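If you count the sequence shown from 1, you need to add 4 to reach the working numbering.
The C-beta atom is built at its ideal place from N, Cα and C for all residues, glycine as well.
What you are looking at is a predicted structure, and each value in this text was computed from that prediction instead of being measured.
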Amino acid sequence: MKKLGLGLFLLLLIFLFTSWAMATTITFGDNNPYWPGWENNTWDDMKDTIGTPDLSGGYATLSQNLLTSLTFENATTSEDLWTLLSPGDLFIDVNSDQVWDYVVDLTTWSESGPNVSDPGSGNYGIYAISHNLEESSDYVFSGSDNTGNWSGYYIRDHHPVAFNVSGTGIGSVWFSGWPLDAPESQYSFDFTALSDGGLLIPGTLTIGWAVTCANDVIYEKIPNPVPEPATMLLFGVGLCGLAFVGRKKLLRQES
5 MKKLGLGLFL LLLIFLFTSW AMATTITFGD NNPYWPGWEN NTWDDMKDTI
55 GTPDLSGGYA TLSQNLLTSL TFENATTSED LWTLLSPGDL FIDVNSDQVW
105 DYVVDLTTWS ESGPNVSDPG SGNYGIYAIS HNLEESSDYV FSGSDNTGNW
155 SGYYIRDHHP VAFNVSGTGI GSVWFSGWPL DAPESQYSFD FTALSDGGLL
205 IPGTLTIGWA VTCANDVIYE KIPNPVPEPA TMLLFGVGLC GLAFVGRKKL
255 LRQES
């Protein structure tokens, strides 16, 4: 009886810590037509997608508390006007406090418009920043309907699409590339080349991504299902305590 109880207890601990160490894939949607605070009080605010593209969400892979990859799903099928688009920078908030903590710098342009350079498949710098989501400084914006570079086109006005990064990056992130001639069904970021094997996510992850015209933007919160190591330790101690109490009770019954 005692051996059986101890065996079950050990199996439970092995399962618990194995589950903690395994990678988890979490899907996310495209539930926000604009980032919080960046509505423009026009008909744009009511539309998730204005023409092209149609980013429909995607999935994140986390291993323990590390973000190892992000994949965005693209539901765009028409190639019409695709050559006018290019992706902006990827923004990351690691604890969902509406402060961007990191940016993956995909862009070489300081002003939005059609036919700007498209990033190919390869490694791109990731930078640690501390930038309030609603602070306008250092953003690169989408532009305005039918003016300037977007003359003849309707876009989502004055929405952040990139960031003027400075300083030294913390490493590189692999991006799958953005083909100029036609849409791909997926676009991926791989964080495993970072020093920890991924990007540390201590809390709920928030991501922000858009294209030059901001016709469709992603702003989504992704819960981290992995307990903190301290929580795991506390739970393990609790299990040990229950096992100890059960053992004492069993010994009293046998005596």
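Helix, strand or coil: which one does DSSP assign to residue i?
i: Ser-155; result: coil
i: Trp-178; result: strand
i: Thr-235; result: Because the pLDDT of Thr-235 is 42, which lies under 50, any placement of that residue in the model is unreliable, and the number read from its coordinates should be weighed accordingly. Of the three classes helix, strand and coil, the one that applies to Thr-235 here is helix, per DSSP.
i: Thr-2; result: Any property of residue 2 remains undetermined from this structure, which presents the chain solely from 5 to 259.
i: Val-221; result: strand
i: Trp-213; result: strand
i: Leu-88; result: helix
i: Asn-119; result: coil
i: Leu-184; result: coil
i: Ile-226; result: strand
i: Ala-197; result: coil
Just how far apart, CA to CA, sit residue i and residue j?
i: Ile-299; j: Asn-35; result: Missing from the structure shown is residue 299; the chain here goes from 5 to 259 and no further.
i: Gln-102; j: Asn-45; result: 21 Å
i: Ala-27; j: Phe-195; result: 14 Å
i: Phe-32; j: Ser-90; result: 22 Å
i: Gln-190; j: Ser-125; result: 13 Å
i: Trp-104; j: Asn-127; result: 21 Å
i: Val-165; j: Ala-186; result: 21 Å
i: Pro-40; j: Ser-192; result: 24 Å
i: Phe-13; j: Asn-228; result: With a pLDDT of 46 at Phe-13, under the threshold of 50, the modelled position of that residue is not reliable, and the figure given next carries that caveat. The alpha-carbon atoms of Phe-13 and Asn-228 are separated by roughly 26 Å.
i: Val-144; j: Asn-150; result: 18 Å
i: Glu-139; j: Asp-49; result: 19 Å
i: Trp-86; j: Val-120; result: 12 Å
i: Phe-76; j: Ile-96; result: 14 Å
i: Glu-83; j: Tyr-131; result: 32 Å
i: Ser-180; j: Tyr-38; result: 25 Å
i: Trp-42; j: Thr-111; result: 21 Å
i: Leu-88; j: Ile-133; result: 29 Å
i: Asp-109; j: Ala-218; result: 17 Å
Which residues in the same chain as residue i place their Cβ atom closer than 6 Å to its Cβ, once the five residues preceding and following it in sequence are excluded?
i: Leu-10; result: Because Leu-10 sits at a pLDDT of 48, beneath the cut-off of 50, its placement in the model cannot be relied upon, and the following sentence gives the value as read from the coordinates. Closer than 6 Å at Cβ, skipping near neighbours: no residue.
i: Leu-203; result: Leu-71, Phe-195
i: Thr-266; result: For residue 266 there is no data in the structure shown, the boundaries of the chain being 5 and 259.
i: Trp-213; result: Leu-94, Ile-222
i: Asp-122; result: Ser-90, Trp-182, Leu-184
i: Trp-178; result: Asn-127, Asp-194
Where do the N-terminal and C-terminal ends of the beta strand (DSSP E) with residue i fall, by residue?
i: Thr-65; result: 59–67
i: His-135; result: 126–136
i: Trp-47; result: Trp-47 -> no beta strand (DSSP E), and no H or E assigned at all.
i: Gln-102; result: Per DSSP, Gln-102 belongs to no beta strand (DSSP E) and is neither H nor E.
i: Asp-194; result: 190–194
i: Ile-30; result: 27–32
i: Glu-77; result: 70–78
i: Tyr-38; result: From DSSP, Tyr-38 is part of no beta strand (DSSP E); its letter is neither H nor E.
Residue i and residue j: beta carbons closer than 8 Å?
i: Thr-81; j: Asp-220; result: no
i: Phe-167; j: Asp-142; result: yes
i: Ser-146; j: His-135; result: no
i: Leu-74; j: Ile-159; result: no
i: Gly-173; j: Gly-207; result: no
i: Val-107; j: Val-169; result: yes
i: Gly-171; j: Leu-198; result: no
Leaving out five residues on either side along the sequence, give the residues of the same chain with a beta carbon under 8 Å from the beta carbon of residue i.
i: Gly-117; result: Gly-147, Gly-152, Asn-153, Trp-154, Thr-216
i: Ser-100; result: Gly-207, Thr-208, Leu-209, Thr-210, Lys-225
i: Ser-67; result: Ala-25, Met-26, Ala-27, Thr-28, Gly-201, Gly-202
Could you pull out every residue in the same chain whose Cβ sits closer than 7 Å to the Cβ of residue i, ignoring the five residues on either side in sequence?
i: Ala-79; result: Asp-58, Ser-60
Any heavy atom of the ligand SAH closer than 7 Å to the CB of residue i?
i: Gly-124; result: Inclusion of the ligand SAH in the displayed structure is not the case, the ligand content being empty and no account of it being possible.
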